[in-house]
Amino acid sequence: MAESETRYRVGGMDCASCATKIDTAVRRLTGVADVSVSVMAGTMTVRHDGSSDLKAIEKKVTGLGYSVAPLAGTAAPARTQGSQHRHDHGHDHRDHAGHDHDHPHDHGEKEIEGLHGHDHAPMAGPWWQSRKGRLTILSGAALVAAYAVGHLVPAIASYAFIVAMLIGLMPIARRAIMAAFSGTPFSIEMLMTIAAVGAVIINAGEEAATVVFLFLVGELLEGVAAGKARESIQSLTGLVPKNALLEDNGQTREVPAESLAVGAIIMVRPGDRISADGIIISGESAIDEAPVTGESTPVRKGVDAVVFAGTVNGDAVLRVRVTAAATDNTIARVVKLVEEAQESKAPTERFIDRFSRYYTPGVVVVAALVAVVPPLLFAGPWGEWVYKGLAILLIGCPCALVISTPAAIAASLSAGARRGLLMKGGAVLETLGKVTMVAFDKTGTLTEGKPQVTDIISFGPTEAQVLSRAAVLEQGSSHPLALAIRNRAKADGVPVPPAFELEALPGKGVSGKVGGETLDLLSPPAARERGTLSAEQDACIMALNDEGKSVSVLLVNGVAAGLIAMRDEPREDAEAGLAALKSAGVKAMMLTGDNKRTAAAVAGMLGIDWRGEMMPEDKQRVVGELKRQGFVVAKVGDGINDAPALAAADIGIAMGGGTDVALETADAAVLHGRVGDVAQMIELSKRTMRNILQNITIALGLKAVFLVTTIIGITGLWPAILADTGATVLVTINALRLLRIKI
């Protein structure tokens, strides 16, 4: 039976144990093949065989105390696996913007009040108005009241603390029982419940009530921190204006941006945000792309240039033809991609998940042994050792450890996306830091992708006259070399009078008449056939060819009047980008289908190894050879004709802008096509792995310290719970530092 995929928005997850509980519970349902849950994105993707009862899935998640709503038609770049079966096309904008979140769901299921003290995330409104905030305040008030009652009527103090404890513990215990029935018996809630009830039994009711309150405070802080991480990427959707000025029968009227259809014409005034991805059909302006790509300098764009939704129009009115619906514009795709990427786990994360599966039951066993062995074998006081066992239970919670990796990865994916660096998940992010060789395509990757006039050489007339006559002949052509000549003529402001009797000479060039002159613009072999080139002129052409330039010969009345040389020039940032890779200890190589002379010329300018005259399968073969030599290879190309090589590399990186990015083939993409961004991606990966190592050290280090101090009797239940929630909050805050990286 064909597999299908359904995505859900899950409200209320704020630490990795939440995701584990949901994953374990849903995985056990009939027909479910795979489950991916992202705490940071607040989403769950379920792959199922079609026999699954989707309502049962929702009911199971709701039963655990989380809210769940199917993401009705979420537009996403299809995953390589099972992508043909997706049925989530189109965005639910309310969810992405983080609004409309504290209401009953579209499908009528209400969240079980108080069952999971968790809120929809990111928290809508101030924390004290959230359900979790209200429960924490209530628990704190009950604790203060218990202290007051205990002071005034000492005889009933212990009962007052038990009541205060129960107010906070009831929702926690309910969640613990639900999780146990769904396949997660050793949840933090269960450990907390056992510790609190045990503390009451050994007559430590005051501490039990305090610990429950501290636990709720810790969870509240985790929720706030997780919300911050989530908001970072979801705030991108807020960049797209709500309204647009639509041209309709010669009139402009304001319409909701979401309603814009592909092909619609919109007007964008100076200073306005552009409300859709599109192509400029009239006007020229400086576009501030910083909100979307992180590009600090405004980019000058004119007719036929691509613009992104959310970018800011600078100084002139533009008319833009819409090329993508609101649900499929660049920002929507980036948000979608990052959310999906957060669901795919990195190798480190998978290892820690497996480790925690054995670690938590192990902690329960150790706690039980600490509570029982000393009194039974060494006549230790029961009360003291049971108390220590309960403290160890709390120290042992794996929350901080389990969230150490996904928090850092989510922050990095978000930080990268805000700068136009897109990565398809934790595994890609982790592998990028290990890359030792980057193989670049040439055309459109290391070079601009379109030829430019580099030399104008005259044999008699002025250079301006040579350029003017060449532009006259190329007026009607859309060939890239013709466009290069016309663009140079326009840039230099030379006159281009109309031509007569224009005639294309297939494989040779073009001819025509202007002002009584007969003009020909020919390839060098065609000019040689006419016998018009002197030995000196021929040597000049050969020298230009050796530099990888294409040459056209201008004849005026049958006599050679000048040469125009063109070449696809390296991108402005190519040299600096390759230097950044070199300084990071990463080698680079250029693989191109161009002739060896052109390849050698461009590679010489950039100081890079090269291979020329390569077919797509040759590029794939070279990537394979590099891997066999022990390199971890990233292949950078436009993602279309390079598909085999991109797939063969350890990491395939697509270069390009907006909707043209071939994300289906590539593992990662550079939205604004700068060569230097590849080095930045690698650096971001290395920083992330360092951050993960710091997080694991914090999580395990704090536990080790408090484990020792608890056993030797220095610390008790209070510091134990602080060690757990404190570590989780510290780890999350450390991960959030990655959001502020200036790359």
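Heads up, the sequence shown is in numbering that gives the first Met the number 0, so the first residue is 0 and it goes up one at a time. Where a beta carbon is used, it is the ideal one built from N, C-alpha and C, also for glycine.
Looking at the strands, I want to know which residues DSSP matches up with residue i.
i	result
Arg-8	Thr-42 and Ala-68
Gln-451	Arg-566
Gln-250	Asp-247
Lys-300	Ser-284
Met-422	Ala-667
Pro-586	At residue 586 the sequence reads Lys, which differs from the Pro that was named. DSSP, once it has assigned bridges, lists Met-436 as partnering Lys-586.
Thr-446	Pro-569
Ile-687	For clarity, residue 687 is Thr in the given sequence; the question names Ile instead. Answer is none; Thr-687 lacks a bridge partner.
Asp-519	Ser-510 and Leu-554
Gly-651	Lys-634
Pro-255	Asn-242
Arg-736	DSSP, once it has assigned bridges, lists no residue as partnering Arg-736.
What's the gap between the Cα of residue i and the Cα of residue j?
i	j	result
Ser-403	Val-34	21 angstroms
Leu-580	Ala-24	45 angstroms
Arg-596	Gly-443	18 angstroms
Ile-650	Leu-420	14 angstroms
Ser-37	Val-239	25 angstroms
Ile-155	Arg-353	46 angstroms
Ala-260	Gly-237	20 angstroms
Ser-549	Arg-620	29 angstroms
Ala-668	Lys-586	20 angstroms
Ile-330	Ala-308	7 angstroms
Pro-718	Arg-356	24 angstroms
Asp-617	Gly-623	10 angstroms
Ala-534	Val-509	23 angstroms
Val-162	Ile-200	14 angstroms
Glu-546	Leu-400	57 angstroms
Ala-542	Arg-418	42 angstroms
Tyr-358	Arg-130	31 angstroms
Val-143	Ala-178	30 angstroms
Ile-111	Ala-68	Bear in mind that the predicted position of Ile-111 carries a pLDDT of just 30, short of 50, making it unreliable; the figure below should be weighed with that in mind. Cα to Cα, Ile-111 sits roughly 14 angstroms from Ala-68.
Ala-602	Ser-16	51 angstroms
Arg-739	Val-471	53 angstroms
Gly-10	Tyr-65	6 angstroms
Ala-526	Leu-590	32 angstroms
Ala-483	Ala-410	43 angstroms
Gln-250	Ile-56	50 angstroms
Asn-139	Ala-208	Checking the sequence, you will find Gly at residue 139 rather than Asn. Spanning the two alpha carbons is a distance of roughly 9 angstroms.
Ile-136	Gly-282	57 angstroms
Thr-453	Gly-459	19 angstroms
Met-266	Lys-300	15 angstroms
Pro-496	Val-302	22 angstroms
Ala-32	Val-319	44 angstroms
Val-363	Ala-573	56 angstroms
Are there 16 or more other CB atoms within 10 angstroms of the CB of residue i, so buried, or fewer, so exposed?
i	result
Thr-461	exposed
Trp-609	buried
Ile-563	buried
Trp-127	exposed
Asp-87	Here Asp-87 scores only 35 on pLDDT, less than 50, and its place in the model should not be relied on; the value that follows carries that caveat. Asp-87 comes out buried.
Asn-328	buried
Phe-705	buried
Glu-218	buried
Gln-536	buried
Ser-258	exposed
Thr-192	buried
Asn-312	buried
Ile-805	In this structure the chain extends from 0 to 742, so residue 805 is not present and cannot be described.
Would you say residue i faces chain B, with C-beta separation under 9 angstroms as the test?
i	result
Glu-2	In the displayed structure, chain B is absent; only one protein chain is listed.
Within the region 590-639, ranges of the beta strand (DSSP E) (whole runs, at least 3 residues) = If we require 3 residues or more, the beta strand (DSSP E) runs fully inside the region 590-639 come out as 608-610 and 632-636.
Between the region 714-731 and the region 430-447, do at least 3 Cβ pairs fall closer than 8 angstroms?
-> These segments do not touch.
The region 496-505 contacting the region 583-598, beta-carbon criterion three pairs below 8 angstroms | By the Cβ rule, the region 496-505 does not count as touching the region 583-598, because fewer than three pairs are nearer than 8 angstroms.
Is there contact here, the region 407-425 with the region 360-373, by at least three beta-carbon pairs under 8 angstroms?
-> For the pair of segments examined, the region 407-425 was found not to touch the region 360-373: the number of CB pairs separated by less than 8 angstroms stays below three.
Ranges of the beta strand (DSSP E) found wholly within the region 307-362, counting only runs of at least 3 | Counting only runs of 3 or more, we get 317-321.
Could I get the ranges of all uninterrupted alpha helix (DSSP H) runs contained in the region 456-515, with 4 residues as the minimum, in chain order?
-> For the region 456-515, whole alpha helix (DSSP H) runs of length 4 or above, ordered along the chain, are 462-472 and 479-491.
Output the residue ranges of the beta strand (DSSP E) runs that lie fully inside the region 113-199 and measure 3 residues or longer, sorted by chain position.
-> If we require 3 residues or more, the region 113-199 turns out to have no beta strand (DSSP E) run fully inside it.
Per the contact definition of three or more C-beta pairs closer than 8 angstroms, is the region 207-221 in contact with the region 164-177?
-> The region 164-177 is in contact with the region 207-221.
Please go through the region 394-444 and give each complete alpha helix (DSSP H) segment of 4 or more residues, from N-terminal end onward.
-> Runs of the alpha helix (DSSP H) lying entirely within the region 394-444 and spanning at least 4 residues, in chain order: 398-416 and 425-431.
Below 8 angstroms, can you find three or more Cβ-Cβ pairs linking the region 406-418 to the region 670-690?
-> Taking 8 angstroms as the limit for Cβ pairs, the verdict is that the region 670-690 does touch the region 406-418.
Three or more C-beta pairs below 8 angstroms linking the region 304-321 and the region 272-289 | With the cut-off at 8 angstroms, the region 304-321 and the region 272-289 touch.
Which full runs of the alpha helix (DSSP H) of 4+ residues lie inside the region 527-571, going along the chain?
-> Every alpha helix (DSSP H) of 4 residues or more that sits fully in the region 527-571 is shown, in chain order, as 534-545.
Segments assigned alpha helix (DSSP H), at least 4 residues, entirely inside the region 670-733 = Segments of the alpha helix (DSSP H) lying fully in the region 670-733: 675-710.
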